[in-house]
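Position in the sequence shown (from 1) plus 9 gives the number in this note's numbering. No residue lacks a Cβ here, since even glycine has one placed at the ideal position from N, Cα and C. Reading through the C-alpha coordinates given below for one structure.
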Amino acid sequence: MKITAGLLSGSSALLADGYESGGDVLSSGLVWLGLTYGAKPPDSNHPYGHGRAETVSGLIVGLLLVTSGLAIALQALVTANHPGRVPAAYAVFPLTISIAVKVWMVRLKWVTGRRIGSAALAAVALNDSVDMLSGVVALSALWLTLHDPARFPAADHYGACVVGIIMLFSGMRIARKTGMDLMDTMPETGLIEEIRQVAAAVPGVHSVEKVYARKTGLRHHVDMHLWVDPAMNVRRSHELGHRVENLIMRKVAGVADVLVHMEPADESLRGLGYEDRLPEEAPVTKLLDSVLDASETRFTPEPFGEVHLYFEGPTDLLRSMTAGSLILKPGMSPHPPHRHAEEELLLVAEGTGEIRIGERIHHVGPGTQMYCAGNILHGITNTGSSLMKFYFYKWLA
10 MKITAGLLSG SSALLADGYE SGGDVLSSGL VWLGLTYGAK PPDSNHPYGH GRAETVSGLI
70 VGLLLVTSGL AIALQALVTA NHPGRVPAAY AVFPLTISIA VKVWMVRLKW VTGRRIGSAA
130 LAAVALNDSV DMLSGVVALS ALWLTLHDPA RFPAADHYGA CVVGIIMLFS GMRIARKTGM
190 DLMDTMPETG LIEEIRQVAA AVPGVHSVEK VYARKTGLRH HVDMHLWVDP AMNVRRSHEL
250 GHRVENLIMR KVAGVADVLV HMEPADESLR GLGYEDRLPE EAPVTKLLDS VLDASETRFT
310 PEPFGEVHLY FEGPTDLLRS MTAGSLILKP GMSPHPPHRH AEEELLLVAE GTGEIRIGER
370 IHHVGPGTQM YCAGNILHGI TNTGSSLMKF YFYKWLA
(Lines of atoms letter the chains of each structure in order from A and count residues from 1; the text may use other names and numbers.)
(Lines give C-alpha, C1' and ligand atoms only; values in the text may rest on other atoms or scores of the structure.)
Protein backbone atom coordinates (compact mmCIF):
# COMPACT_ATOMS: atom_id res chain seq x y z
CA MET A 1 0.00 0.00 0.00
CA LYS A 2 2.78 2.44 0.90
CA ILE A 3 4.85 1.66 -2.19
CA THR A 4 1.85 2.09 -4.48
CA ALA A 5 0.75 5.31 -2.79
CA GLY A 6 4.34 6.58 -2.78
CA LEU A 7 4.68 6.05 -6.53
CA LEU A 8 1.31 7.64 -7.30
CA SER A 9 1.65 10.58 -4.90
CA GLY A 10 5.32 11.33 -5.62
CA SER A 11 6.37 11.10 -1.96
CA SER A 12 9.95 9.87 -1.53
CA ALA A 13 9.52 9.50 2.25
CA LEU A 14 6.43 7.33 1.82
CA LEU A 15 8.13 5.28 -0.89
CA ALA A 16 11.22 4.75 1.31
CA ASP A 17 9.05 3.65 4.22
CA GLY A 18 7.21 1.31 1.86
CA TYR A 19 10.43 -0.31 0.70
CA GLU A 20 11.49 -0.65 4.33
CA SER A 21 8.23 -2.44 5.16
CA GLY A 22 8.59 -4.61 2.05
CA GLY A 23 11.96 -5.72 3.40
CA ASP A 24 10.19 -6.64 6.64
CA VAL A 25 8.09 -9.21 4.77
CA LEU A 26 11.28 -10.88 3.58
CA SER A 27 12.89 -10.57 7.02
CA SER A 28 9.92 -12.10 8.81
CA GLY A 29 9.89 -14.96 6.31
CA LEU A 30 13.55 -15.65 7.00
CA VAL A 31 12.98 -15.62 10.76
CA TRP A 32 10.01 -17.99 10.38
CA LEU A 33 12.17 -20.40 8.39
CA GLY A 34 14.95 -20.10 10.99
CA LEU A 35 12.60 -20.82 13.88
CA THR A 36 11.01 -23.75 12.05
CA TYR A 37 14.32 -25.38 11.13
CA GLY A 38 15.87 -24.53 14.49
CA ALA A 39 13.10 -26.42 16.33
CA LYS A 40 14.18 -29.73 14.79
CA PRO A 41 15.56 -32.16 17.40
CA PRO A 42 19.28 -33.05 17.46
CA ASP A 43 20.53 -35.82 15.21
CA SER A 44 23.81 -37.62 14.63
CA ASN A 45 25.16 -34.78 12.48
CA HIS A 46 23.83 -32.00 14.74
CA PRO A 47 24.29 -33.22 18.33
CA TYR A 48 23.72 -29.70 19.67
CA GLY A 49 20.47 -29.33 17.74
CA HIS A 50 19.59 -26.96 14.91
CA GLY A 51 19.04 -23.84 17.03
CA ARG A 52 21.78 -21.85 15.29
CA ALA A 53 19.51 -21.62 12.23
CA GLU A 54 17.40 -19.17 14.24
CA THR A 55 20.47 -17.06 15.03
CA VAL A 56 21.67 -17.10 11.42
CA SER A 57 18.26 -15.87 10.23
CA GLY A 58 18.53 -12.96 12.68
CA LEU A 59 21.97 -12.10 11.29
CA ILE A 60 20.63 -12.10 7.71
CA VAL A 61 17.83 -9.75 8.81
CA GLY A 62 20.43 -7.35 10.21
CA LEU A 63 22.55 -7.43 7.04
CA LEU A 64 19.47 -6.84 4.85
CA LEU A 65 18.59 -3.78 6.92
CA VAL A 66 22.13 -2.42 6.59
CA THR A 67 22.25 -2.74 2.80
CA SER A 68 18.67 -1.55 2.26
CA GLY A 69 19.07 1.43 4.59
CA LEU A 70 22.29 2.52 2.90
CA ALA A 71 20.73 2.28 -0.57
CA ILE A 72 17.60 4.23 0.46
CA ALA A 73 19.62 6.98 2.18
CA LEU A 74 21.93 7.49 -0.81
CA GLN A 75 19.05 7.51 -3.28
CA ALA A 76 17.16 10.07 -1.17
CA LEU A 77 20.18 12.39 -1.05
CA VAL A 78 20.49 12.27 -4.83
CA THR A 79 16.80 13.09 -5.41
CA ALA A 80 16.85 15.85 -2.75
CA ASN A 81 18.83 18.04 -5.19
CA HIS A 82 15.91 17.83 -7.62
CA PRO A 83 12.73 17.80 -5.47
CA GLY A 84 10.26 17.71 -8.36
CA ARG A 85 6.51 18.02 -7.76
CA VAL A 86 4.85 18.38 -4.37
CA PRO A 87 3.48 15.03 -3.13
CA ALA A 88 -0.28 14.47 -3.02
CA ALA A 89 -1.95 14.97 0.38
CA TYR A 90 -3.43 11.47 0.50
CA ALA A 91 0.09 10.10 1.09
CA VAL A 92 -0.38 10.73 4.83
CA PHE A 93 -3.07 8.04 5.17
CA PRO A 94 -0.93 4.95 4.43
CA LEU A 95 1.70 6.23 6.85
CA THR A 96 -0.84 6.77 9.63
CA ILE A 97 -2.32 3.29 9.16
CA SER A 98 1.16 1.74 9.06
CA ILE A 99 2.21 3.38 12.34
CA ALA A 100 -0.91 2.10 14.11
CA VAL A 101 -0.38 -1.47 12.85
CA LYS A 102 3.30 -1.40 13.85
CA VAL A 103 2.43 -0.48 17.46
CA TRP A 104 0.45 -3.72 17.77
CA MET A 105 3.11 -5.81 15.97
CA VAL A 106 5.96 -4.54 18.12
CA ARG A 107 4.18 -5.47 21.34
CA LEU A 108 3.20 -8.96 20.10
CA LYS A 109 6.64 -9.89 18.77
CA TRP A 110 8.62 -8.37 21.65
CA VAL A 111 6.57 -10.10 24.36
CA THR A 112 6.71 -13.44 22.52
CA GLY A 113 10.43 -13.12 21.76
CA ARG A 114 11.27 -12.39 25.41
CA ARG A 115 9.05 -15.25 26.62
CA ILE A 116 10.67 -17.92 24.43
CA GLY A 117 14.15 -16.37 24.38
CA SER A 118 14.28 -15.90 20.59
CA ALA A 119 16.99 -13.48 19.45
CA ALA A 120 15.58 -13.48 15.90
CA LEU A 121 12.01 -12.67 16.99
CA ALA A 122 13.28 -9.95 19.33
CA ALA A 123 15.31 -8.60 16.39
CA VAL A 124 12.19 -8.41 14.24
CA ALA A 125 10.35 -6.66 17.10
CA LEU A 126 13.16 -4.10 17.29
CA ASN A 127 12.95 -3.71 13.53
CA ASP A 128 9.21 -3.04 13.81
CA SER A 129 9.83 -0.43 16.51
CA VAL A 130 12.29 1.24 14.14
CA ASP A 131 9.55 1.07 11.49
CA MET A 132 7.33 3.07 13.82
CA LEU A 133 10.05 5.68 14.20
CA SER A 134 10.74 5.76 10.47
CA GLY A 135 7.01 6.12 9.83
CA VAL A 136 6.83 9.10 12.20
CA VAL A 137 9.89 10.65 10.50
CA ALA A 138 8.40 10.10 7.04
CA LEU A 139 5.04 11.52 8.15
CA SER A 140 6.70 14.60 9.69
CA ALA A 141 8.84 15.25 6.61
CA LEU A 142 5.85 14.79 4.31
CA TRP A 143 3.79 17.16 6.44
CA LEU A 144 6.52 19.87 6.19
CA THR A 145 6.54 19.65 2.41
CA LEU A 146 2.73 19.71 2.20
CA HIS A 147 2.43 22.54 4.75
CA ASP A 148 4.96 24.89 3.10
CA PRO A 149 6.28 23.54 -0.21
CA ALA A 150 8.05 26.84 -0.96
CA ARG A 151 10.24 26.69 2.19
CA PHE A 152 10.58 22.93 2.49
CA PRO A 153 10.51 21.51 -1.05
CA ALA A 154 13.09 18.79 -0.25
CA ALA A 155 11.88 17.90 3.27
CA ASP A 156 10.11 14.80 1.95
CA HIS A 157 13.37 13.56 0.37
CA TYR A 158 15.45 14.29 3.45
CA GLY A 159 12.84 12.38 5.46
CA ALA A 160 13.47 9.39 3.18
CA CYS A 161 17.20 9.77 3.85
CA VAL A 162 16.61 9.71 7.63
CA VAL A 163 14.47 6.58 7.23
CA GLY A 164 17.38 4.91 5.43
CA ILE A 165 19.86 5.93 8.15
CA ILE A 166 17.55 4.54 10.86
CA MET A 167 17.39 1.23 8.97
CA LEU A 168 21.19 1.22 8.63
CA PHE A 169 21.89 1.62 12.36
CA SER A 170 19.12 -0.78 13.34
CA GLY A 171 20.60 -3.43 11.04
CA MET A 172 24.08 -2.89 12.48
CA ARG A 173 22.75 -3.40 16.01
CA ILE A 174 20.91 -6.62 15.08
CA ALA A 175 23.87 -7.99 13.11
CA ARG A 176 26.21 -7.33 16.03
CA LYS A 177 23.93 -9.08 18.56
CA THR A 178 23.36 -12.19 16.46
CA GLY A 179 27.01 -12.24 15.35
CA MET A 180 28.12 -12.32 18.99
CA ASP A 181 25.84 -15.33 19.59
CA LEU A 182 27.40 -17.13 16.61
CA MET A 183 30.85 -16.42 18.11
CA ASP A 184 29.81 -18.23 21.34
CA THR A 185 29.86 -15.08 23.46
CA MET A 186 29.18 -15.82 27.13
CA PRO A 187 25.61 -15.05 28.31
CA GLU A 188 24.77 -12.44 30.93
CA THR A 189 26.39 -12.90 34.33
CA GLY A 190 23.02 -13.50 36.02
CA LEU A 191 22.52 -16.81 34.21
CA ILE A 192 26.06 -18.00 34.98
CA GLU A 193 25.68 -17.12 38.66
CA GLU A 194 22.35 -18.96 38.86
CA ILE A 195 23.97 -22.09 37.37
CA ARG A 196 26.84 -21.81 39.86
CA GLN A 197 24.49 -21.57 42.83
CA VAL A 198 22.40 -24.57 41.77
CA ALA A 199 25.49 -26.76 41.20
CA ALA A 200 27.22 -25.70 44.42
CA ALA A 201 24.16 -26.66 46.48
CA VAL A 202 24.31 -30.33 45.39
CA PRO A 203 25.70 -32.60 48.18
CA GLY A 204 29.14 -33.87 47.16
CA VAL A 205 30.15 -30.71 45.27
CA HIS A 206 32.83 -28.77 47.13
CA SER A 207 32.73 -25.77 44.81
CA VAL A 208 32.38 -24.74 41.17
CA GLU A 209 35.69 -24.03 39.46
CA LYS A 210 34.39 -22.54 36.21
CA VAL A 211 31.29 -22.35 34.05
CA TYR A 212 31.10 -21.73 30.29
CA ALA A 213 27.89 -21.38 28.27
CA ARG A 214 27.06 -20.75 24.63
CA LYS A 215 23.73 -20.01 23.04
CA THR A 216 22.43 -22.32 20.30
CA GLY A 217 19.19 -20.76 19.11
CA LEU A 218 16.75 -20.35 21.99
CA ARG A 219 18.71 -22.25 24.66
CA HIS A 220 22.17 -22.57 26.20
CA HIS A 221 24.65 -25.44 26.34
CA VAL A 222 26.70 -25.38 29.54
CA ASP A 223 30.20 -26.73 30.26
CA MET A 224 31.34 -26.71 33.89
CA HIS A 225 34.18 -27.95 36.11
CA LEU A 226 33.42 -29.02 39.70
CA TRP A 227 35.75 -29.61 42.62
CA VAL A 228 34.88 -32.87 44.41
CA ASP A 229 36.41 -35.32 46.88
CA PRO A 230 39.63 -36.67 45.25
CA ALA A 231 38.93 -40.12 46.77
CA MET A 232 35.51 -40.40 45.07
CA ASN A 233 35.26 -43.47 42.83
CA VAL A 234 34.19 -43.36 39.19
CA ARG A 235 30.63 -44.61 39.79
CA ARG A 236 29.90 -42.03 42.49
CA SER A 237 31.51 -39.30 40.39
CA HIS A 238 29.32 -40.30 37.44
CA GLU A 239 26.15 -40.27 39.55
CA LEU A 240 27.05 -36.90 41.08
CA GLY A 241 27.59 -35.42 37.61
CA HIS A 242 24.14 -36.56 36.47
CA ARG A 243 22.60 -35.22 39.66
CA VAL A 244 24.11 -31.79 38.97
CA GLU A 245 23.10 -31.91 35.30
CA ASN A 246 19.48 -32.85 35.99
CA LEU A 247 19.08 -30.24 38.72
CA ILE A 248 20.43 -27.41 36.55
CA MET A 249 18.22 -28.38 33.60
CA ARG A 250 15.19 -28.52 35.89
CA LYS A 251 15.79 -25.30 37.82
CA VAL A 252 17.52 -22.96 35.34
CA ALA A 253 15.33 -21.84 32.46
CA GLY A 254 16.80 -21.93 28.96
CA VAL A 255 19.45 -24.63 29.56
CA ALA A 256 19.44 -27.37 26.91
CA ASP A 257 22.30 -29.53 28.15
CA VAL A 258 25.09 -29.60 30.76
CA LEU A 259 28.53 -31.20 30.42
CA VAL A 260 30.18 -31.76 33.82
CA HIS A 261 33.90 -32.29 34.37
CA MET A 262 35.13 -33.39 37.81
CA GLU A 263 38.29 -31.93 39.36
CA PRO A 264 39.94 -33.31 42.53
CA ALA A 265 39.67 -30.82 45.37
CA ASP A 266 42.86 -29.98 47.29
CA GLU A 267 43.42 -32.42 50.15
CA SER A 268 44.14 -29.46 52.41
CA LEU A 269 40.48 -28.52 52.18
CA ARG A 270 39.54 -31.58 54.22
CA GLY A 271 38.65 -30.74 57.77
CA LEU A 272 36.95 -27.50 56.72
CA GLY A 273 33.53 -29.14 56.74
CA TYR A 274 32.90 -29.88 53.07
CA GLU A 275 33.49 -33.62 53.43
CA ASP A 276 30.39 -33.75 55.63
CA ARG A 277 28.35 -33.02 52.50
CA LEU A 278 29.52 -36.08 50.58
CA PRO A 279 26.61 -38.25 49.41
CA GLU A 280 27.41 -41.31 51.54
CA GLU A 281 27.66 -39.22 54.68
CA ALA A 282 24.55 -37.15 54.00
CA PRO A 283 21.41 -38.19 55.85
CA VAL A 284 19.35 -40.54 53.69
CA THR A 285 15.56 -40.36 53.90
CA LYS A 286 13.72 -42.94 51.85
CA LEU A 287 10.41 -42.15 50.16
CA LEU A 288 7.39 -42.42 52.43
CA ASP A 289 4.28 -44.38 51.53
CA SER A 290 1.93 -41.72 50.20
CA VAL A 291 -0.64 -40.76 47.58
CA LEU A 292 -0.28 -37.41 45.79
CA ASP A 293 -2.48 -35.60 43.32
CA ALA A 294 -1.25 -33.02 40.81
CA SER A 295 -1.85 -30.09 43.19
CA GLU A 296 0.64 -31.55 45.68
CA THR A 297 3.51 -31.97 43.22
CA ARG A 298 6.62 -29.78 42.89
CA PHE A 299 5.69 -27.63 39.90
CA THR A 300 8.30 -26.00 37.65
CA PRO A 301 7.32 -23.79 34.66
CA GLU A 302 9.72 -24.11 31.73
CA PRO A 303 9.97 -22.48 28.27
CA PHE A 304 8.99 -25.86 26.78
CA GLY A 305 6.02 -26.46 29.13
CA GLU A 306 5.44 -27.61 32.72
CA VAL A 307 7.16 -30.21 34.93
CA HIS A 308 5.35 -31.80 37.90
CA LEU A 309 7.59 -33.86 40.21
CA TYR A 310 5.70 -36.37 42.35
CA PHE A 311 8.45 -38.41 44.01
CA GLU A 312 12.25 -38.20 44.17
CA GLY A 313 14.52 -40.14 46.51
CA PRO A 314 15.72 -43.60 47.59
CA THR A 315 13.40 -46.53 48.34
CA ASP A 316 13.82 -49.87 50.14
CA LEU A 317 15.27 -51.48 47.01
CA LEU A 318 16.49 -48.53 44.91
CA ARG A 319 19.24 -46.00 45.44
CA SER A 320 17.10 -43.38 43.72
CA MET A 321 13.69 -43.15 42.09
CA THR A 322 12.02 -40.24 40.31
CA ALA A 323 8.38 -40.03 39.18
CA GLY A 324 6.70 -37.08 37.52
CA SER A 325 4.72 -35.72 34.61
CA LEU A 326 5.51 -33.21 31.89
CA ILE A 327 3.26 -31.07 29.69
CA LEU A 328 5.06 -30.29 26.44
CA LYS A 329 4.18 -27.43 24.08
CA PRO A 330 3.79 -28.08 20.33
CA GLY A 331 7.09 -28.27 18.50
CA MET A 332 9.09 -28.38 21.72
CA SER A 333 11.39 -30.87 23.43
CA PRO A 334 12.35 -30.74 27.14
CA HIS A 335 16.01 -31.27 26.21
CA PRO A 336 18.15 -32.67 23.37
CA PRO A 337 18.56 -36.46 23.23
CA HIS A 338 20.66 -37.39 26.25
CA ARG A 339 21.92 -40.26 28.41
CA HIS A 340 21.73 -40.91 32.13
CA ALA A 341 22.60 -43.79 34.43
CA GLU A 342 18.96 -44.42 35.42
CA GLU A 343 16.61 -46.77 33.61
CA GLU A 344 13.42 -45.03 32.52
CA LEU A 345 9.77 -45.71 31.70
CA LEU A 346 7.64 -43.12 29.90
CA LEU A 347 3.88 -43.20 29.30
CA VAL A 348 2.20 -40.84 26.81
CA ALA A 349 -1.20 -39.72 28.12
CA GLU A 350 -2.17 -36.95 25.67
CA GLY A 351 -0.98 -35.60 22.32
CA THR A 352 1.32 -36.97 19.64
CA GLY A 353 5.05 -36.82 19.06
CA GLU A 354 8.30 -38.65 18.42
CA ILE A 355 10.47 -40.65 20.81
CA ARG A 356 14.08 -41.33 19.88
CA ILE A 357 15.99 -44.30 21.30
CA GLY A 358 19.49 -44.59 19.90
CA GLU A 359 19.22 -43.79 16.20
CA ARG A 360 15.56 -44.94 15.83
CA ILE A 361 12.61 -42.52 15.77
CA HIS A 362 9.20 -43.81 16.98
CA HIS A 363 5.92 -41.96 16.32
CA VAL A 364 3.83 -42.06 19.49
CA GLY A 365 0.38 -41.15 20.79
CA PRO A 366 -1.86 -41.67 23.84
CA GLY A 367 -1.24 -45.04 25.49
CA THR A 368 2.29 -45.47 24.13
CA GLN A 369 4.95 -46.54 26.63
CA MET A 370 8.74 -46.36 26.38
CA TYR A 371 11.38 -48.32 28.28
CA CYS A 372 15.00 -47.21 28.03
CA ALA A 373 18.00 -48.83 29.75
CA GLY A 374 20.65 -46.75 31.48
CA ASN A 375 23.13 -44.72 29.41
CA ILE A 376 21.16 -45.15 26.18
CA LEU A 377 20.61 -42.04 24.04
CA HIS A 378 16.92 -41.01 24.09
CA GLY A 379 14.63 -38.01 23.79
CA ILE A 380 11.05 -36.91 23.08
CA THR A 381 9.53 -34.14 20.92
CA ASN A 382 5.95 -32.88 20.58
CA THR A 383 5.30 -32.92 16.82
CA GLY A 384 1.55 -32.30 17.11
CA SER A 385 -0.47 -29.07 17.15
CA SER A 386 -1.70 -29.44 20.74
CA LEU A 387 -0.16 -29.98 24.17
CA MET A 388 1.48 -33.33 24.85
CA LYS A 389 1.38 -34.87 28.34
CA PHE A 390 3.43 -37.82 29.51
CA TYR A 391 4.45 -39.49 32.78
CA PHE A 392 8.04 -40.57 33.43
CA TYR A 393 9.68 -42.90 35.97
CA LYS A 394 13.46 -43.22 36.47
CA TRP A 395 15.35 -45.42 38.92
CA LEU A 396 18.85 -46.49 39.88
CA ALA A 397 19.28 -49.85 41.65
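| Query | Result |
| --- | --- |
| Rounded separation between Tyr380 and Ser342 - CA only | 18 Å |
| Whole-angstrom distance between Thr64 and Thr194, CA atom to CA atom | 13 Å |
| Inter-residue Cα distance where the pair is Ser149 and Gly168 | 8 Å |
| Closest residue to Leu386 among Glu353, Tyr400, Trp404 (Cα-Cα distance) | Glu353 |
| Pro56 versus Arg348, Ala358, Trp113, residue with shortest Cα-Cα distance | Arg348 |
| Own chain partners of Leu39 with C-beta closer than 7 Å, once the 5 adjacent residues on each side are dropped | Ser66, Ile69, Val70 |
| Check whether Ser334 and Tyr400 have beta carbons under 8 Å apart | yes |
| Whole alpha helix (DSSP H) elements within the region 30-103, 4-residue minimum | 61-89 |
| Closest Cα partner of Thr154 within the set Pro96, Trp236, Glu248 | Pro96 |
| Same chain, Cβ closer than 8 Å to Thr105, neighbours up to 5 away in sequence not counted | Leu148 |
| Length of the line joining the Cα atoms of Asp298 and Gly314 | 29 Å |
| Nearest to His247 (by Cα), restricted to the options Gly226, Val207, Val269, Gly15 | Val269 |
| Where Met192 falls, given that 16 or more other Cβ within 10 Å makes a residue buried | exposed |
| Cβ neighbours of Lys118 in the same chain (closer than 8 Å, five flanking residues each side left out) | Leu130, Ala131, Val133, Ala134, Asp137 |
| Close-in-space but distant-in-sequence residues of the same chain around Glu254 (CB under 7 Å, 5 per side omitted) | Val267, Val269 |
| Inter-stretch contact (C-beta, 8 Å, three-pair minimum) for the region 77-88 and the region 28-43 | yes |
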